[in-house]
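So my numbering is basically just the index in the sequence shown, starting at one, shifted up by 21. We put the CB at the ideal spot given by N, CA and C, even for glycine. Data first, discussion second: the structure below is written as structure tokens.
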Amino acid sequence: MSDCLFCGVIKGDVKGSIVYQDNSVVAFKDINPKAPVHLLIVPRKHIATLLDLQQEDKSLIGDIFSVANQLAKDQGIAKDGFRVVVNCGAGAGQSVFHIHFHLLGGRPMTWPPG
Ligand code: AMP
Ligand code: ZN
Numbered sequence: 022m023s024d025c026l027f028c029g030v031i032k033g034d035v036k037g038s039i040v041y042q043d044n045s046v047v048a049f050k051d052i053n054p055k056a057p058v059h060l061l062i063v064p065r066k067h068i069a070t071l072l073d074l075q076q077e078d079k080s081l082i083g084d085i086f087s088v089a090n091q092l093a094k095d096q097g098i099a100k101d102g103f104r105v106v107v108n109c110g111a112g113a114g115q116s117v118f119h120i121h122f123h124l125l126g127g128r129p130m131t132w133p134p135g
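Pasting the structure below:
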């Protein structure tokens with residue numbers, strides 16, 4: 022999608038610190054990190070929100086969690102615990118409408134989130 026920020030990061034038009042990419046998934050550093058490790062894991066396919074997922078996207082979501090598993094280990098946050106968060110809709114704090122999975126770790130997490 023031409024006016025989408027994260028499509029721009031994926032294409033390389035918008036500067037981003039990409040830490041992982043494959044045919045279907047890209048992960049990059051959050052520009053405003055909320056934890057010592059804060060990555061955004063996104064599908065290359067433009068999907069606006071969790072509510073826009075289709076049946077055909079099922080394996081893609083599996084791929085994303087598989088990447089989260091690997092990155093948590095690679096980033097050294099697996100042992101102490103980490104969080105994967107999807108904000109869906111403006112009321113939940115979603116500000117970029119290309120679905121993304123926050124991978125957060127490296128500090129204690131509180132519950133419930135604010
Ligand atoms: P959300 O509020 O769940 O939509 O999350 C959007 C996230 O994107 C926020 O944590 C922002 O800090 C992050 N963000 C915004 N612009 C960029 C960018 N150009 N590169 C990396 N992260 C970004
Ligand atoms: Zn997009």
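With a cut-off of 8 Å, do at least 3 Cβ pairs link the stretch 95-107 to the stretch 22-30? Between the stretch 95-107 and the stretch 22-30 there are fewer than three C-beta pairs closer than 8 Å, too few to call the two in contact.
Roughly how many angstroms lie between the CA atoms of Lys55 and Thr131, to the nearest whole one? Residue mapping note: residue 55 aligns to position 34 of the sequence shown, counting from 1. Residue mapping note: residue 131 aligns to position 110 of the sequence shown, counting from 1. Cα to Cα, the separation comes out at about 13 Å.
Verify the contact flag: His67, CB atom, against every heavy atom of the ligand ZN, threshold strictly below 7 Å. Taking the first residue of the sequence shown as position 1, residue 67 is located at position 46. Yes, Cβ of His67 sits closer than 7 Å to a heavy atom of the ligand ZN.
Residues bridged to Arg104 [DSSP beta-bridge criterion]: The residue labelled residue 104 in the question sits at position 83 within the sequence shown. Answer by DSSP bridge pairing, in chain order: Leu125.
The ligand AMP heavy atom lying under 7 Å from the CB of Val85: Looking up residue 85 in the sequence shown gives position 64. First, the residue type needs correcting, since residue 85 is Ile and not Val in the sequence shown. Answer for Ile85: no, Cβ out of range of the ligand AMP.
Among the residues of its own chain, which have a CB less than 7 Å from the CB of Asn108, if the five just before and after it don't count? Taking the sequence shown and counting its residues from 1, the one referred to as residue 108 is at position 87. Within the same chain, Gly114 and Gln115 come within 7 Å of Asn108 by CB-CB distance, once the 5 residues on both sides are set aside.
Got a sec: does the ligand AMP put a non-hydrogen atom nearer than 7 Å to the Cβ of Phe103? The residue labelled residue 103 in the question sits at position 82 within the sequence shown. No, the Cβ of Phe103 stays beyond 7 Å of every heavy atom of the ligand AMP.
Is His119 a contact residue of the ligand ZN, with contact defined as CB to any heavy atom under 7 Å? In the sequence shown, residue 119 corresponds to position 98, counting from 1. Yes, the Cβ of His119 comes within 7 Å of a heavy atom of the ligand ZN.
Would Arg65 and Ser38 qualify as a contact pair, given that the criterion is a beta-carbon distance under 8 Å? As a first step, residue 65 must be located in the sequence shown, where it is residue number 44. As a first step, residue 38 must be located in the sequence shown, where it is residue number 17. No, Cβ-Cβ distance for Arg65 and Ser38 is not below 8 Å.
Compare the beta carbon distance of Ile120 and Leu61 with 8 Å and say whether it is the shorter of the two. For the purposes of this step, residue 120 is identified with residue 99 of the sequence shown, where counting begins at 1. For the purposes of this step, residue 61 is identified with residue 40 of the sequence shown, where counting begins at 1. No, these two residues do not count as a Cβ contact at 8 Å.
Quick one: does the C-beta of Cys25 sit closer than 7 Å to a heavy atom of the ligand ZN? Against the sequence shown, residue 25 aligns to sequence position 4. Answer for Cys25: yes, Cβ within range of the ligand ZN.
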